[in-house]
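Per my numbering: the sequence shown = residues 68 to 417.
Take a look at the structure set out below.
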Amino acid sequence: MIPIRRGMRRPVRRSAGLPARNAGDPPTPPGTPLRPTGSPSRTGETVPVEDAPSIPVVRNDAHDRVVTEVLAARHFRHLSPDLVARVTTIEAPKVRRHDEAVARVKRKLHQIANAYTPALHAPRDAADALRSAAGDEDALRTLAISLMYGHASTAERLPVHDLITPRLREAIHGTSGSDGPINPGEHVEAETPARILDLACGLNPLMIPWLGLPRTCRYDAYDADSRLVSIVQAFLEAWGQAGSATVRDIGGQDTTETADVVLLLKAVPCLEQVRVGTSRRILETLNANRVIVTYPVQSLGGNDRGMRSTYRQAFDNLVAGLPWHVAELRLPDELGYLLTRKAPPAPVSR
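Given below as structure tokens:
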């Protein structure tokens, strides 16, 4: 067992995709332009949205001023400009004044990103330390454990690290880890993936040493936080793992690349908090054989707020009608599911 550090100050996790715990506004109707009430009407350049066709990213002076000010702030300059622009398009029209729009966008970005990284310090030093340890597997494992405290989602797994990583390993390789057959009625042989996509990766890739992946398995990781991406890229290089880490707003861009396994580990709540329905669109457009989806079961403050039952229902709604077999994973302190794609129907004989 790996003891969790004490003294970490953790903000409260809000249930993404659901009404805020304390207060919240109704979602902006699709297609609402970014123009604070009372501002002069202005024709803006409408850019085809990467999030969904019904909510375009509107480029105009009001939008750009908000984006520029948010990205200039010390606590937000590390975030993907695409994410900031998308959140601005959704949040800014809900208020009247520029300063209110900036505050609202910052608050949303904190909820979905910065709230998870209060313990992330000196990412450049972390990346340098990883590169300096290249070739030393024991040193890299030790560094990986230490660095995983920098993101709440991975820090929460460390007390059960020895229990959860074997389960994830089994699911990634298509063997067990679930409460039932992976494909009902089918016998499944172990399958080493050739490519893994880790969406909204955080520091998940630092678990690679415990996942039984060959160095030739391409592990491509995407996240909207450039600090996390720099650490993950340094780790992939130091460990000698094929793949790369890239800054990307996955909620605003379809992921249509081919992969054997896609990881959405504790990512769905944050995706849904920006815009409900984003996660379903991602599942509809993925070109993958297996998807592993997990949810947190406690708040960032460590409280049980009935999140397991809430997210179980949310997941049932998420996958309803989609072409995936679903098996629940036996994960400690995390709600998890393994999705395997259903075979297309056989052609009708004539």
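The C-beta atom is built at its ideal place from N, Cα and C for all residues, glycine as well.
| query | If you compare alpha carbons, which of 181, 403, 174 is closest to residue 290? | reply | Checked all of 181, 403, 174; the closest Cα to residue 290 is 181.
| said: Assuming the contact rule is C-beta atoms closer than 8 Å, residue 278 and residue 232 should be a hit. Round their C-beta distance to whole Å, please. | reply: Indeed, because the Cβ distance is near 7 Å, the residues count as touching under 8 Å.
| request: Kindly list the residues whose CB is nearer than 7 Å to the CB of residue 283, restricted to its own chain and excluding five residues on each side of it in sequence; keep chain order. | output: Closer than 7 Å at Cβ, skipping near neighbours: 309.
| request: Please state if the CB of residue 211 and the CB of residue 273 are separated by a distance shorter than 8 Å. | output: Cβ atoms of residue 273 and residue 211: closer than 8 Å.
| query | Is residue 334 closer than 8 Å to residue 312 when the C-beta atoms are compared? | reply | Not closer than 8 Å, so no.
| task | Mark residue 237 as exposed unless 16 or more other C-beta atoms lie within 10 angstroms of its C-beta, in which case mark it buried. | result | Buried is the call here.
| task | Kindly indicate the opening and closing residues of the alpha helix (DSSP H) around residue 230. | result | Counting along the chain, residue 230 sits inside the alpha helix (DSSP H) bounded by residues 228-239.
| task | Please list, in chain order, all residues of the same chain as residue 315 whose beta carbon is under 6 Å from its beta carbon, the five residues on each side excluded. | result | Hits under 6 Å: 289.
| Pair within 8 Å by beta-carbon distance, residue 386 and residue 359 | No; because the gap between Cβ atoms is not below 8 Å, this pair is not in contact.
| field | CA-to-CA distance, residue 325 to residue 342, given in whole angstroms | value | Residue 342 and residue 325 have their C-alpha atoms spaced approximately 25 Å apart.
| Counted within 10 angstroms of its Cβ, other Cβ atoms place residue 265 as buried (16 or more) or exposed | Burial call: buried.
| task | On the DSSP bridge assignment, give the partners of residue 407 in chain order. | result | Per the DSSP secondary-structure output, residue 407 pairs in a beta bridge with 357, 392.
| message | Taking its Cβ as the centre, do 16 or more other Cβ atoms sit within 10 Å of residue 197, making it buried, or is it exposed? | response | By the C-beta density criterion, residue 197 is buried, having at least 16 other C-beta atoms within 10 angstroms.
| field | Identity of the residues DSSP links to residue 325 by a beta bridge | value | Per DSSP, the beta bridge partners of residue 325 are 354.
| query | Which residues in the same chain as residue 307 place their Cβ atom closer than 6 Å to its Cβ, once the five residues preceding and following it in sequence are excluded? | reply | Apart from the 5 residues on each side of it in sequence, residue 307 sits with its Cβ closer than 6 Å to the Cβ of 282 in its chain, given in chain order.
| Do residue 294 and residue 190 have their C-beta atoms within less than 8 Å of each other? | The answer is yes: Cβ separation under 8 Å.
| query | Is the segment 218-230 touching the segment 400-410 in the sense that three or more CB pairs, one from each, lie closer than 8 Å? | reply | Segments in contact, yes.
| query | Bridge partners of residue 311, per DSSP? | reply | Residue 311 pairs with 287.
| said: Suppose the cutoff is 8 Å on Cβ atoms and the five residues either side in sequence are ignored; what does the same chain contact list for residue 420 look like? | reply: Nothing about residue 420 can be reported from this structure: the residues present for the chain run from 68 to 417 only.
| field | Alpha-carbon spacing of residue 347 relative to residue 394, whole angstroms | value | So the two alpha carbons sit approximately 17 Å from each other.
| field | Secondary structure of residue 273, DSSP reduced to three states | value | Three-state result, residue 273: helix.
| field | Among 145, 154, 410, 129, nearest to residue 339 - alpha-carbon criterion | value | For residue 339, the nearest C-alpha among the options comes from 154.
| request: Entirely within the segment 197-221 and at least 3 residues each: give me those beta strand (DSSP E) ranges in chain order. | output: Secondary structure remark: continuous beta strand (DSSP E) runs of at least 3 residues inside the segment 197-221: none found.
| message | Under DSSP, the alpha helix (DSSP H) around residue 400 begins and ends at which residues? | response | Run containing residue 400: none; DSSP gives neither H nor E here.
| Measuring CB to CB, does residue 222 end up less than 8 Å from residue 173? | By the CB criterion at 8 Å, residue 222 and residue 173 fall outside the cutoff.
| query | So which of 357, 390, 128, 391 has the shortest CA-CA distance to residue 239? | reply | Checked all of 357, 390, 128, 391; the closest Cα to residue 239 is 357.
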